[in-house]
Every structure is written in structure tokens, then in C-alpha cells.
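Chains A and B supply the protein sequences, listed in that same order.
0 is the number of the first residue of the first sequence in numbering that gives the first Met the number 0; add one for each residue after it.
0 is the number of the first residue of the second sequence in numbering that gives the first Met the number 0; add one for each residue after it.
C-beta atoms are modelled at their ideal positions from N, C-alpha and C, and glycine is treated no differently.
This report concerns only the one structure given below.
Number of protein chains: 2
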Amino acid sequence: MTTTTTTVSDKQTVNGVDVPALLQTIDAIRADPTLAQFKFRASDMWLGCGLNRATVGSFEGANQQHTRPVSFQYHVDEPPVLLGSDKGPNPVEFAIMALLGCLTNTMVYHAASRGIEIDHVESQVEGDLDLHGFLGLDPKVRSGYQEIRVKLRVKSDADVELLKKLAQKSPVYDTISNPVRIVVDVEKM
Amino acid sequence: MTTTTTTVSDKQTVNGVDVPALLQTIDAIRADPTLAQFKFRASDMWLGCGLNRATVGSFEGANQQHTRPVSFQYHVDEPPVLLGSDKGPNPVEFAIMALLGCLTNTMVYHAASRGIEIDHVESQVEGDLDLHGFLGLDPKVRSGYQEIRVKLRVKSDADVELLKKLAQKSPVYDTISNPVRIVVDVEKM
């Protein structure tokens, strides 16, 4: 009967996440830890003033090279008040946009692995930045964000404290909350 | 003569950056430090599994609200190996893409303010991520990036060490290199 099939399918997919596939991934990593190693990449071409064309294409993971048939390309720019032409968000806006997607997906995947259903998520983020840092006008002011505030609005029966804890397993949350070593190499063309 | 006009224009704009406007911005902030305060924002709507529609629209800065006539919207997704439908880069890819644009723009703007000409910049970034962290399989492994490596290729007469120093004033570089307080609030709909 189709009813049975539907029920099985509903159980397998929680929040749109294929839970058996997620559990298989975990088992595969337990058996071969090298499958957990990923290298993500991006490239960028400066187009003048604050305008850039950024590209996200291939990455490495689970001992394979993953190449998209067509790379994703975006304009990164600065708004007029920061002397740019506003053809795209600026880098600090892309950074907090990444944070929202990561908190959401992390909460959704971890909830799915526990059988917790989530019906809807919408979120907002705001970050404080003081140009005294970037412009070098005050050595006590950092150039990056001073504080970032996120609000996640979730439709689910689960406890909000649990949902928050799941979201905070987010890789971008960790990347921004805690120090990451960045090696910058500049070479002449 | 048009030659004179061209020469003046060349001096005013370095690397495409309107240098008099940049110096005026610095003077204005010295006179009124509140002009340096910015609040950047993004929002996100979850569409199921790893797919999100992210929006970047308005921000606050220089004591004004800045609202784009049309907001920028992007798909944030996960690739098939991470159980998504690959309709956009994933959040950790967007994060390192933001880093490249920020290092580039910061180098370009600071070079312009010093009269240093830059003819071309292209860049690549790679970041290491170990899924043992995200999946909670090893408490010693962080969920975020373990190391990020950037290569900036620059066409300029300037010294590479100076260019690197200028790039490292980047707000996203600081945001990722050093800890940022992130306040996460989860509420039910």
C-alpha cells in the first residue's frame, strides 16, 4: 500500500534531510577517519575600487575532488558610503550571511539526526563595526566585528535551549567565535 | 587642455578609489567619531534540508540608514556529499569568499590612500575542515576551520611585505583570526 511507503519515506527524511544517509556518513567516517577531511576553496578577481568577482567551484572532501559543472560567481562590492558602486554586498555582509546559513543548517541537520522535526526557520543578524579600526584612527579599536547578534525564529516542538545548543555546533559560528590561523601569502605577478 | 584634466583625474582616483573622498571621510570621522559606527545586517529563510534563501539589504552607517532599492538574494546550500542539492555554495565557502574580497579591498583602499598604484589582484583561498568536529565524533576537533591559507597575486611596484601588511588590516581577516562575541537568541514562532 502507498500509505506504508509514505510513512517509511517520512521517517527517513526529517527536515528534508536524508537521515539514513546522514547515519551512513557517520558510520563511514568512524570506519575511515580520512573521509572527514574537507578542503573548501574560493577565488577572487579584483575589478577596480571595491568591486570583485568571486568564484566558488570545486572542493575536496571524503577523499574525492568535487567539481561543480558550473561555478557560482558573485559580485562583492562596497556601498557608496564606503566609496563603492554597490554591485553586491560587501565582504562583512557576506560573512554574517554565511553565519546565518550555517547556524540554520547545523540546527536542522542535528535536529534531523535526533528525529526532531523543524517546520520553519527564519533568522536575522546584525554586527557592529567601528571604522576607527579599519582606518587606523584608533589602535584600541579592532578592524573586524565587535559583536554579532543573531535571532533565529523556529517553528518546532523542541525546546529552545536545545535548538540553540544544536545551532551553536555550526562551523561558521566556531570560525568567527574562536581564533583561526590564517596564512596570507602575497606574491607579485 | 584635456591632458591637464586627465592628469588631475588620475591623481584623484588611485586604484579606482576616490582618494579625496576617502580623505574627507577620515576628516569627517575625526570631527564626529559617531560617523564611524556601522551596523551590517543579513536575513535568511530556510527552504528545507540544507537550502536557504539569504538576503542582504539595508545597513546603518555614518548616522544614516542605507537601504538598497533591491536587496541582494542568494541561495546557500550544501553539496550532495553533505546531503544537499548544491543550489549555492555552502556557508563555510561563503565565509572564505568574504575573506578574499575583504583582504583585496582593504589592500586596495589603503594602498590608494598612500598613492600606491595596484594594477591587478587575483586571489585564492583554501580552508581545512574536519567533519569529526561538526558531527561531534571527536570533542578535540573544532567544528570550524582549522587553518585557512590565502594567496594574493598582485601587479604593483609596491613591496610585497607592505601589501601584505595593508591587506591584514581587513575586517573579515580580523573577524576570523580573532574571537568575536556572537549572541544567539532562539525563539519559537
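Beta bridge counterpart(s) of residue i as assigned by DSSP
i: Ser-155/B; result: Ile-117/B
i: Gly-126/A; result: Ile-147/A and Phe-39/B
i: Arg-180/B; result: Glu-146/A
i: Val-13/B; result: Val-16/B
i: Lys-187/A; result: Val-153/B
Rounded separation between residue i and residue j - CA only
i: Lys-154/A; j: Arg-52/A; result: 37 Å
i: Phe-93/A; j: Ala-20/A; result: 30 Å
i: Ile-28/B; j: Ser-42/A; result: 33 Å
i: Val-16/A; j: Glu-116/A; result: 10 Å
i: Ser-176/A; j: Leu-151/A; result: 17 Å
i: Gly-83/A; j: Tyr-144/A; result: 20 Å
i: Val-120/A; j: Arg-113/B; result: 46 Å
i: Pro-88/A; j: Ile-95/A; result: 11 Å
i: Thr-167/B; j: Leu-136/A; result: Reading off the sequence shown, one finds Gln at residue 167/B, where the question assumed Thr. C-alpha separation (whole angstroms): 16 Å.
i: Leu-34/A; j: Val-75/B; result: 23 Å
i: Asp-127/A; j: Asp-31/A; result: 42 Å
i: Thr-66/B; j: Val-55/B; result: 10 Å
i: Leu-161/A; j: Leu-134/B; result: 16 Å
i: Val-185/B; j: Leu-99/A; result: 12 Å
i: Arg-40/B; j: Asp-85/B; result: 25 Å
i: Val-179/A; j: Ser-122/B; result: 19 Å
i: Val-91/A; j: Tyr-172/B; result: 10 Å
i: Asn-104/B; j: Val-107/A; result: 34 Å
i: Lys-187/A; j: Lys-163/B; result: 11 Å
i: Ile-25/A; j: Thr-24/B; result: 52 Å
i: Val-199/B; j: Val-182/A; result: Residue 199/B is absent from the model: chain B starts at 0 and stops at 188.
8 Å CB neighbourhood of residue i in its chain, flanking five on each side removed
i: Trp-45/A; result: Asn-51
i: His-131/A; result: Asp-137 and Val-140
i: Leu-81/B; result: Gly-49 and Asn-89
i: Phe-71/A; result: Thr-54, Val-55 and Gly-56
i: Leu-22/A; result: Ser-112
Beta-carbon proximity list for residue i, same chain, < 7 Å, skipping 5 on both sides
i: Pro-170/A; result: Cys-101
i: His-109/B; result: Leu-165 and Lys-168
i: Gln-64/A; result: Ser-57
i: Thr-5/A; result: With a pLDDT of only 36 at Thr-5/A, under 50, the local geometry of the prediction cannot be trusted, and the value read off the model is given with reservation. Excluding sequence neighbours, Thr-5/A sits near nothing in its chain.
i: Ala-157/B; result: Ala-110 and Ile-115
6 Å CB neighbourhood of residue i in its chain, flanking five on each side removed
i: Glu-204/B; result: This structure leaves residue 204/B out entirely; chain B is present only between 0 and 188.
i: Asp-118/A; result: Lys-154
i: Val-149/B; result: Val-124
i: Glu-77/B; result: Gly-49, Gly-83 and Asn-89
i: Ala-111/A; result: Val-13, Asn-14, Val-16 and Val-18
i: Glu-146/A; result: Asp-127
i: Val-7/A; result: Confidence is the limiting factor: at Val-7/A the pLDDT is only 40, short of 50, which leaves the residue's position unreliable, though a coordinate-based value still follows. Counting only Cβ-Cβ distances below 6 Å, and skipping sequence neighbours, we find nothing.
Compile a chain-ordered list of the residues in the segment 135-149 of chain A whose CB is closer than 9 Å to at least one CB of chain B. Gly-135, Leu-136, Asp-137, Val-140, Arg-141, Ser-142, Gly-143, Tyr-144, Gln-145, Glu-146, Ile-147, Arg-148 and Val-149
Tell me the start and end of each unbroken beta strand (DSSP E) in the segment 16-97 of chain A that is at least 3 residues and wholly inside, in chain order. 36-47, 50-55, 58-60, 63-65 and 71-75
Taking beta-carbon pairs under 9 Å, can you tell me which members of the segment 21-36 of chain A lie near chain B? Leu-21, Thr-24, Ile-25, Ile-28, Arg-29, Pro-32, Leu-34, Ala-35 and Gln-36
May I ask you to list, following chain order, the residues of the segment 86-109 of chain B that have a beta carbon less than 9 Å from some beta carbon of chain A? Gly-87, Pro-88, Asn-89, Pro-90, Val-91, Glu-92, Phe-93, Ala-94, Ile-95, Met-96, Ala-97, Leu-98, Leu-99, Gly-100, Cys-101, Leu-102, Thr-103, Asn-104, Thr-105, Met-106, Val-107, Tyr-108 and His-109
Name the residues in the segment 167-178 of chain B whose C-beta lies less than 8 Å from a C-beta of chain E; which are they? The structure shown contains no chain E; the protein chains it does contain are A and B.
With 9 Å as the limit, tell me which residues of the segment 109-122 of chain A have their beta carbon closer than that to any beta carbon of chain B; keep them in chain order. His-109, Ala-111, Ser-112, Ile-117, Asp-118, His-119, Val-120, Glu-121 and Ser-122
Using a Cβ-Cβ cut-off of less than 7 Å, list which residues of the segment 151-164 of chain B approach chain A; keep chain order. Leu-151, Arg-152, Val-153, Lys-154, Val-159, Leu-162 and Lys-163
Listed in chain order, which residues of the segment 56-72 of chain B have Cβ atoms closer than 8 Å to some Cβ of chain A? Phe-58, Gly-60, Ala-61, Gln-63, His-65, Arg-67 and Phe-71
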